[in-house]
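These protein sequence lines are chains A and B, in that order.
Counting along the first sequence from 1, when you hit position 357 you're at 357 in the UniProt record's numbering, and nothing is skipped either side.
Counting along the second sequence from 1, when you hit position 341 you're at 341 in the UniProt record's numbering, and nothing is skipped either side.
Virtual Cβ for every residue (Gly too), placed ideally from N, Cα, C.
Predicted model, so just to flag it, every value in this text is computed and none were measured.
Below is one structure, written out as structure tokens; comments come after it.
Protein chains: 2
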Amino acid sequence: MAATVGANLSALRGHNAALVLDLLRTAGEAGISRLELAERTGLTPQAVSKITARLRGEGLAVEAGRRASTGGKPRTVLRLLAGAAHAVGLHLDRDELHTVLADLSGAVVAARRAPLDLGAGSDAVLAAAACEVDALLDADGGQRVLGVGVAVPGPLDHTDGVLHRVTGFPQWDGFPLREALTERLGLPVVVDKDTNAAALGLALEGGGERSFAYLHLGTGLGAGLVLDGALYRGARTGAGEFGHQVIQLDGPRCSCGNRGCIEALCLAAVASGGDRGLDEAARVLGEGAANLVSLLDIDAVLLGGRTVAAHEKRFVRGVEQVLAARAGREGGGPAIPVRAAPGGETQAVEGAAHMILAPLFGREAPS
Amino acid sequence: MAATVGANLSALRGHNAALVLDLLRTAGEAGISRLELAERTGLTPQAVSKITARLRGEGLAVEAGRRASTGGKPRTVLRLLAGAAHAVGLHLDRDELHTVLADLSGAVVAARRAPLDLGAGSDAVLAAAACEVDALLDADGGQRVLGVGVAVPGPLDHTDGVLHRVTGFPQWDGFPLREALTERLGLPVVVDKDTNAAALGLALEGGGERSFAYLHLGTGLGAGLVLDGALYRGARTGAGEFGHQVIQLDGPRCSCGNRGCIEALCLAAVASGGDRGLDEAARVLGEGAANLVSLLDIDAVLLGGRTVAAHEKRFVRGVEQVLAARAGREGGGPAIPVRAAPGGETQAVEGAAHMILAPLFGREAPS
DNA sequence: TCCACTTAAGCAACGGTGTTGCCAAAGTGC
DNA sequence: GCACTTTGGCAACACCGTTGCTTAAGTGGA
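Structure (structure tokens):
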């Protein structure tokens, strides 16, 4: 429930149902018993029984076996019926278009991939996207589809789904992507930055950290922030502009006009070639990550993107070293973990599907 | 209601009551009618009537006059009964000890101030603090006091109220300040960093921005972050470590061991003297603020602390210039406002009192 | 094999929430 | 003075989680 909004009984029910559904999702194949749900939620066992009965009635949950007895009646295991509904994830990248169909658990049921020219104009891109989505849904017929989550590179407004200046593609400025796709597909559409989508996906699947930063180093450098378990978008969906953090006052000029941007320094180091260049890029990235860690006091740093993927261990180790050194100096306990984000290139598409699924589990306000 | 916790009817009632109470508080002397409350909360007018009746029964709200009629029965204005309860704010600074008694609206009813040597040992400091609090409460006898909020300089753990390495006063490391003060004062105690307390106070009193950063430049440089209307503390109460953000790779060494910390650069520029030094300090601060703004997409930057207070306009203008230049280059619309935080030196004490009041208004999880 | 015991989960009654339908109160304006 | 508008309370209601109790389904010792 949003902070400034009154809650009535149906909001109460929805909140608790979403909470239980999220625990079912997290439990996955292993399932979870009613009493565990009660302990985790703080609700009474009887309330959990009623809630799960409703969910079973709606076809969202099923009983699936029992646990071993601990001296009495064994606990009945409940599981999410992952196939009850699906969501489409769509990633419009600069040169490629990925689509996935994910079930309620977030598992990918079907995936497609096609070349794309993001500069080819909105009609062509929309047509290609609609074509791919239709093909995806036709192949797996008759599913209940909740909506389409769309991940795009540039800055945009998540609330109304209007693109701002997508780097290198000025023709998209001000384009109402959400509206156009909603009309074309006949399904609810949610739009967000690719780094935000990826971060959301990692938050829902991931290692369980409540707060982390996902740093994406590819053709550019961006970030997605998950704070206190929720994707942090900022006042105008602009949060996560990590690449143009100035990390060297009066440093070399970046394409954005600033001097000493971390993106410019990092990419220049990579371009300089060799292991020396990569190590320097990792060090620069590490200093930026360390700034972020100390400012936001997060639990983990996840690295992704093509450039990182090509030299995974090197980047992880390089960033780790900087974090360890600074944690030691600043005295704030042990350094937090650095990992390569799992999933590689598919992280953004899967996260896009999660943008549709997340509200069901109370992980995000629907919009 | 916390995100991972089930909600029952009493939680529902508490949530709605807090919401209404917060709107009453925000309305201040002007008051607010039942129908306005209904519109703002999304609750039905009848629900608001019941809730306000409860609040009036508890002595927290009163009817106070009527609005002009718009053709029918005029609206009855409700007001928060600010004197129904009070909270104590306590600021332990390096060389001074401030205390205030604030009413429910956050208004300061009484204030005291005494010299302090934070290095004099825990017994002496605790005794001084207890003495001041007692004097404060005696002077204004028989109030209902909800608790004591304490603001201290160093890093600490807000949840258990244990201090970590307070800069320059190693004898406080690991001291359980919350526990000790609770026992000594016989009142609920909450402890937090002074910058966090100040930021919380600004969030509750302030200009209405949902997200902002409070940057405090005094003997050191720190920050308090308010994101989406709530104080952001991070995973281990460490958020807001702004001073040791590295902003110049391989720059001059800072006392913390890092190189190119914004605090070191900023203070060195101030120390170099003259207007040139101040302008350079403001520019460095501005670059750090701009990093923060683009990373977190906040609505405003507020400046405070002794050094800023001494040259207020100069710092505001300097930071403003950097933000405007970078906003122009990065193309993210107009630059966000920069202001000197109102209240000056008393911001932290007042904020400390707000740490006790905030939970009543649903602005923060009680701890 | 039986029976005492333990643990899980459902049934029924309950208290309390916000909601709905209706009506009284308190103004305005012709 | 009367029709109309708007506000706010009263009473009945639907529905939420809670409580007290019962039934289901196991374990383990005699």
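Nearest neighbour of residue i, chosen from the options [CA to CA]
i, options, result
"V316 of chain A", "A:A353, A:L285 and A:D299", "A:L285"
"G28 of chain B", "B:P45, B:A61, B:G57 and B:A17", "B:A61"
"I51 of chain B", "B:G240, B:A268 and B:G14", "B:G14"
"R66 of chain B", "B:A85, B:G83, B:R34 and B:R56", "B:R34"
"A128 of chain B", "B:G106, B:D95 and B:Q143", "B:D95"
"V270 of chain A", "A:N258, A:R283 and A:T159", "A:R283"
"G305 of chain B", "B:V226, B:G222 and B:S211", "B:G222"
"A87 of chain A", "A:R259, A:A102 and A:L126", "A:A102"
"V226 of chain B", "B:A197, B:R236 and B:A110", "B:A197"
"V48 of chain B", "A:A84, A:E345 and A:V5", "A:V5"
"T159 of chain B", "B:C266, B:A53 and B:R236", "B:R236"
"L231 of chain B", "B:L97, B:E364, B:N8 and B:L292", "B:E364"
"L185 of chain B", "B:V148, B:G238 and B:R314", "B:V148"
"G243 of chain B", "B:L265, B:D140 and B:R233", "B:L265"
"Q143 of chain B", "B:K73, B:R314 and B:L187", "B:L187"
"N291 of chain B", "A:V100, A:Q46, A:G238 and A:W172", "A:G238"
"E312 of chain B", "B:V293, B:P342 and B:R329", "B:P342"
Interface partners of residue i on chain B, CB under 8 angstroms
i, result
"E263 of chain A", "In chain order: nothing, as chain B lies at least about 12 angstroms away."
"Q245 of chain A", "N291, S294 and L295"
"R253 of chain A", "Going along chain B, no residue has its Cβ under 8 angstroms from R253 of chain A, so there is no contact; the nearest lies around 10 angstroms."
"D299 of chain A", "A235"
"F242 of chain A", "L295"
Chain-ordered chain B contacts of residue i [CB-CB under 7 angstroms]
i, result
"L296 of chain A", "G234 and A239"
"R326 of chain A", "N258"
Buried versus exposed, by CB contacts within 10 Å (16 or more), residue i
i, result
"L296 of chain A", "buried"
"E183 of chain B", "exposed"
"G154 of chain B", "buried"
"E132 of chain B", "buried"
"P366 of chain A", "Caution is warranted here: a pLDDT of 49 is assigned to P366 of chain A, below 50, making its placement in the model unreliable, and no coordinate value can be reported."
"L278 of chain B", "buried"
"K193 of chain A", "buried"
"E241 of chain B", "buried"
"T70 of chain A", "exposed"
"A135 of chain B", "exposed"
"E58 of chain A", "exposed"
"E320 of chain A", "buried"
"G31 of chain B", "buried"
"S10 of chain B", "exposed"
"D299 of chain B", "buried"
"S294 of chain A", "buried"
Amino acids of chain B, ordered along the chain, whose beta-carbon sits closer than 9 angstroms to that of residue i
i, result
"A17 of chain A", "In chain order: nothing, as chain B lies at least about 10 angstroms away."
"G141 of chain A", "By Cβ distance, chain B contributes nothing, its closest Cβ being about 36 angstroms from G141 of chain A, past 9 angstroms."
For residue i, three-class secondary structure by DSSP
i, result
"T159 of chain B", "coil"
"T99 of chain A", "strand"
"T182 of chain A", "helix"
"I298 of chain B", "coil"
"M355 of chain B", "helix"
"G142 of chain A", "coil"
"A18 of chain B", "helix"
"R79 of chain A", "strand"
"S69 of chain B", "coil"
"A7 of chain A", "coil"
"E39 of chain B", "helix"
"F212 of chain A", "strand"
"D250 of chain A", "coil"
"G224 of chain A", "strand"
"A239 of chain A", "coil"
"I336 of chain A", "coil"
Beta-carbon neighbours of residue i, restricted to chain A and to distances below 7 angstroms
i, result
"A197 of chain B", "None at all; the shortest Cβ gap to chain A is about 17 angstroms."
"Q248 of chain B", "Q248 and L249"
"D134 of chain B", "Per Cβ cutoff of 7 angstroms: no residues; D134 of chain B is ~35 angstroms from chain A at best."
"A7 of chain B", "L12, H15 and N16"
Neighbouring residues, chain A, relative to residue i (Cβ below 8 angstroms)
i, result
"D157 of chain B", "Correct list: empty, because the minimum Cβ distance to chain A is about 11 angstroms."
Interface residues of chain A facing residue i [CB-CB closer than 9 angstroms]
i, result
"R210 of chain B", "A235"
**Report entry** Inter-stretch contact (C-beta, 8 angstroms, three-pair minimum) for the stretch 250–259 of chain B and the stretch 279–293 of chain B
**Finding:** At 8 angstroms Cβ cutoff, the stretches do not touch.
Query raised in the report: Can at least three beta-carbon pairs, one atom from the stretch 108–126 of chain B and one from the stretch 311–329 of chain B, be found at a separation below 8 angstroms?
Result: Contact between the stretch 108–126 of chain B and the stretch 311–329 of chain B is absent: fewer than 3 CB-CB pairs across the two stretches fall below 8 angstroms.
Query raised in the report: Okay, do the stretch 205–217 of chain A and the stretch 160–179 of chain A touch, 3+ Cβ pairs below 8 angstroms being the bar?
Result: No: fewer than three Cβ pairs fall under 8 angstroms.
Query raised in the report: Would you call the stretch 18–25 of chain B and the stretch 36–47 of chain B in contact, with 3 or more CB pairs under 8 angstroms?
Result: By the Cβ rule, the stretch 18–25 of chain B counts as touching the stretch 36–47 of chain B, because three or more pairs are nearer than 8 angstroms.
Requested in this report: Decide if the stretch 346–363 of chain A is in contact with the stretch 104–118 of chain A; the criterion is three or more beta carbon pairs, one per stretch, under 8 angstroms apart.
Outcome: The stretch 346–363 of chain A vs the stretch 104–118 of chain A: in contact.
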